[in-house]
Amino acid sequence: MKIDLEKERFELLKMYGNLLRKARPFLNDPDDIKQIKAAFLFATDAHQDMRRKSGEPFIYHPVAVATIATEEIGLGTTSIIAALLHDVVEDTDYTLEDIEERFGPKVALIVNGLTKISGAAQKGGSLQAENFRKMLLTIAEDVRVVLIKIADRLHNMRTLKSMPKDKQLKVKAETEYIYAPLAHRLGLYNIKSELEDLSLKYSDGVLYDEISRKLRESEEAREHFTNEFKTPLIETLDKQGYKYTIKSRTKSITSIANKMKKQQVPFEEVFDLFAVRIIFDCPREVEKSTCWHVYSIVTDFYTPNVSRLRDWISMPKANGYESLHTTVMGHNGHWVEVQIRSLRMDEIAEKGYAAHWKYKEQSGGDVNKEKGIEHWLNEVRSLMENDKVNAVEFLDDFRTSLFNKEVFVFTPNGDLKVFPQGATVLDFAFDIHTEVGAKCLGAKINGKLVPLSYQLNNGDQIEILTANQSKANEGWLKIVRTSRARAKIKSHLKEDRKRVASIGREIIDRKFKQLKIKYDDRIAQQLRDFFNLNSETDLYYQVGEGIIEHKEIKKFKDHLEHNNQVKKRKIVPDSAKEFKNKIKNIRQDDDELVIGEDMDNVHYSIANCCNPIQGDDIFGFITINNGIKIHRTNCPNSIAMMANYGYRIIKARWASEKESSFVSKISIEGTDRIGLVNDVTRIITSRLKVNIRSISIDTQDGIFKGTIEIAVKHLDEFEKVITEIKAIEGIIRVKRFDN
Ligand code: MN
């Protein structure tokens, strides 16, 4: 490719000029321009000679991101500077210190949040998730990091074409997974729609092209219709002296695609393709009443569908969105959505968080109105406090918070509180105070008694009932919905656990003194192994709580003595290979457990992780409390058991003939065809005469997946079932299923 440097320089200056023009409304200090210029020159120099995959100079990218940040998100000087510098630390030799020295700590903090962690992920972790976490952690400190990251992502999506296919798919997936929901949560509607549309373009290009082509083709007809629709409204609004604009807007390509898929209809049958928006200008005090006035003008001409009235002016959406929506019948017999809102509401709807802040500062913070985003940010902040969870788990929690719908409830004093849908009395109690939460027994809601697990409904007035002492327990973690309450319960339990564990530690010390064994680290380790516990705290806790009793510690002593005797012979296998050898040895040995013969005195049971059936190769594993468990030698857990507790393995085989039946599970997958499930069950029960214990099938998008639990006498019988199911038309996969 021929590079025309002169032309590129010209293009860059044009982009820069455009950035300054778009930024102008946000600059208050004459110094601002100077700083932006310094950042621009610094970035241009730092990225000198670097090019994007498309061949363009790299510096185009940060300038474009800064322009999006200010033009489409409404961010000011600090963000523009940070956006210009956002790839400097990641991609050049400059460090964060260099940035801080030149542009101050605030810019450095934001740039740091935008810089990826390099190197490999921690063991078992995911570098991708770690990077998300790093970025999201900064939300607590400065939301601008995430806003600039969204701008960055938007520009990357807009220019994704020049990337290789696999990179495209990865970027697209991340966008769908986190960035689009995040943009939505922060109220950036337009950006969210564009991100989704661009994702669709790379995941289903055919559908994307079809919809955008048909939208273009139908544009003229749509315009004609809207003009006709608007005419009487314009006349009346003018007559009554409103200052307003009317816009019409088509749905995003993604939402049309979703409609087509969900309702199984072609493009032509998606009716509510567009909405008409009436935006008026008026003082803040009369916004709400003006909305309703305009509503009444609209419904004077068009009949509304009352079930589709949406009042987000009395109760704004969780992301700060305010608007009054109604759907009315147009002259052509089609429903038309009409959105009524003030200029301020419109700016919040378009630019989300940043605009939201601007108005908050102006109004000194109207408590009721600010609840949405603020509340979510608090929720996110408390999620951040819990830094113990791994990155993947964190990301999952975070995503849940993005999709939460809200319920609005009241305290006995009439204070409004907002919770995610599904939140319970217990969430509410912990929101009031940790102590109130820990002692919560239930609540009185609208005068009626309800349990802890009661799910809050809009408008509930809640009075918490408490006990004298803490009632918190592990089970509560399943009852609460907010991460805030979950974190509080966890830390409460941790404290409690520590207290119980210290009692347990004293008990152990006493006991070992009685047993005349010196209690040291080595013994502590063996004791943990013996009871199969992960940490010393777990051990002391279980002793303190009485889960591990006196008698059992005695048993450990016997085990210790026995171990000392056999120590020299004992092999502790630690690899899969040794494990296999060990199993081989077991079969040659006489001293084995024969399942089904002379078993009266032996306490044993079938492991439900692998559900062995007569005929399978098996071994026994001595458990602490449940006698001997019989596992398959190819049980998914066997290697771990062998590697960690080789000394607890015993050999086992089936008695030659045993008349009993075994439960086993099969997983099946196939294309969903009418009568298929019927065929499966008929073959199992009628033809093979095997009992089905349970069956569960899930169907989605024409594919079904399911598990069947059957009772068989022998492996041969089981294998026959598998073979017969495999032969059924429509079945794609049949497998033995382990939990
Ligand atoms: Mn970038």
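The sequence shown maps to residues -12 to 726 in the numbering used here. Just so it is clear, CB atoms sit at the ideal spot from N, CA and C, and this is done for glycine as well. Please read these numbers as outputs of a predicted model, since none were measured by experiment.
Residue i: beta carbon under 7 Å from a heavy atom of the ligand MN?
{"i": "Val52", "result": "yes"}
{"i": "His318", "result": "no"}
Provide the residue span of the alpha helix (DSSP H) that contains residue i, from first to last.
{"i": "Gln512", "result": "508 to 517"}
{"i": "Asn460", "result": "No alpha helix (DSSP H) contains Asn460, which DSSP labels as neither H nor E."}
{"i": "His618", "result": "Unbroken run through His618 is the beta strand (DSSP E), 615 to 619; no alpha helix (DSSP H)."}
{"i": "Tyr528", "result": "523 to 531"}
{"i": "Thr218", "result": "206 to 226"}
{"i": "Gly100", "result": "83 to 100"}
{"i": "Cys278", "result": "274 to 288"}
{"i": "Val412", "result": "412 to 419"}
{"i": "Leu156", "result": "152 to 161"}
{"i": "Tyr47", "result": "47 to 58"}
{"i": "Thr65", "result": "64 to 71"}
{"i": "Tyr3", "result": "-8 to 10"}
{"i": "Arg271", "result": "That residue, Arg271, is in no alpha helix (DSSP H); it is neither H nor E in DSSP."}
{"i": "Tyr591", "result": "From DSSP, Tyr591 is part of no alpha helix (DSSP H) but of the beta strand (DSSP E) over 591 to 593."}
{"i": "Ile178", "result": "176 to 190"}
{"i": "Ile137", "result": "131 to 145"}
{"i": "Ile335", "result": "330 to 338"}
{"i": "Glu536", "result": "Note, Glu536: premise wrong, no alpha helix (DSSP H); not H, not E."}
{"i": "Glu77", "result": "75 to 78"}
{"i": "Pro168", "result": "167 to 172"}
Since residue i and residue j are thought to touch, with beta carbons under 8 Å apart, how far apart are those beta carbons, to the nearest angstrom?
{"i": "Thr453", "j": "Lys475", "result": "Actually they do not touch by this definition, with Cβ atoms about 15 Å apart."}
{"i": "Val405", "j": "Ile449", "result": "About 13 Å separates the two Cβ atoms, so there is no contact after all."}
{"i": "Arg674", "j": "Val581", "result": "Contact flag wrong, Cβ pair sits at about 33 Å."}
{"i": "Ile86", "j": "Val75", "result": "7 Å"}
{"i": "Tyr289", "j": "Val315", "result": "4 Å"}
{"i": "Thr241", "j": "Glu197", "result": "Contact doesn't hold; Cβ gap of about 13 Å is too wide."}
{"i": "Glu532", "j": "Val487", "result": "6 Å"}
{"i": "Gly607", "j": "Ser592", "result": "With a Cβ gap of about 10 Å, Gly607 and Ser592 do not count as contacting."}
{"i": "Lys304", "j": "Ser149", "result": "Actually they are not in contact, since the Cβ atoms of Lys304 and Ser149 sit about 37 Å apart, beyond 8 Å."}
{"i": "Lys436", "j": "Gly429", "result": "The amino acid at residue 436 is misidentified as Lys; the sequence shows Leu. With a Cβ gap of about 6 Å, Leu436 and Gly429 count as contacting."}
{"i": "Leu101", "j": "Val132", "result": "6 Å"}
{"i": "Ile600", "j": "His479", "result": "Rounded, the Cβ-Cβ distance is 45 Å, inconsistent with contact."}
{"i": "Thr745", "j": "Arg497", "result": "Here the chain has residues from -12 to 726 only, and residue 745 is not among them."}
Just curious, the beta strand (DSSP E) that residue i is in, first and last residue?
{"i": "Ala244", "result": "Not the beta strand (DSSP E): Ala244 falls in the alpha helix (DSSP H), residues 240 to 250."}
{"i": "Tyr231", "result": "231 to 237"}
{"i": "Arg640", "result": "636 to 641"}
{"i": "Phe29", "result": "Here Phe29 belongs to no beta strand (DSSP E); instead the alpha helix (DSSP H) covers 17 to 33."}
{"i": "Leu436", "result": "435 to 437"}
{"i": "Gly429", "result": "427 to 432"}
{"i": "Phe406", "result": "403 to 407"}
{"i": "Arg723", "result": "718 to 723"}
{"i": "Val394", "result": "393 to 397"}
{"i": "Phe606", "result": "605 to 609"}
Give a yes or no on whether the minimum CB-CB distance between residue i and chain B is below 8 Å.
{"i": "Glu450", "result": "Among the chains in the structure shown there is no chain B, since it carries only a single protein chain."}
* In chain order, what residues place their C-beta within less than 5 Å of a heavy atom belonging to the ligand MN? -> Here the list is Asp74, Asp139.
* **Ranges of the beta strand (DSSP E) found wholly within the region 290 to 322, counting only runs of at least 3** => 311 to 316
* Could you pull out every unbroken alpha helix (DSSP H) segment of at least 4 residues lying fully inside the region 652 to 713, listed in chain order? => 663 to 669, 702 to 713
* To do: Note down, one range per segment and in chain order, each beta strand (DSSP E) of at least 3 residues found wholly within the region 439 to 502.
  => 449 to 453
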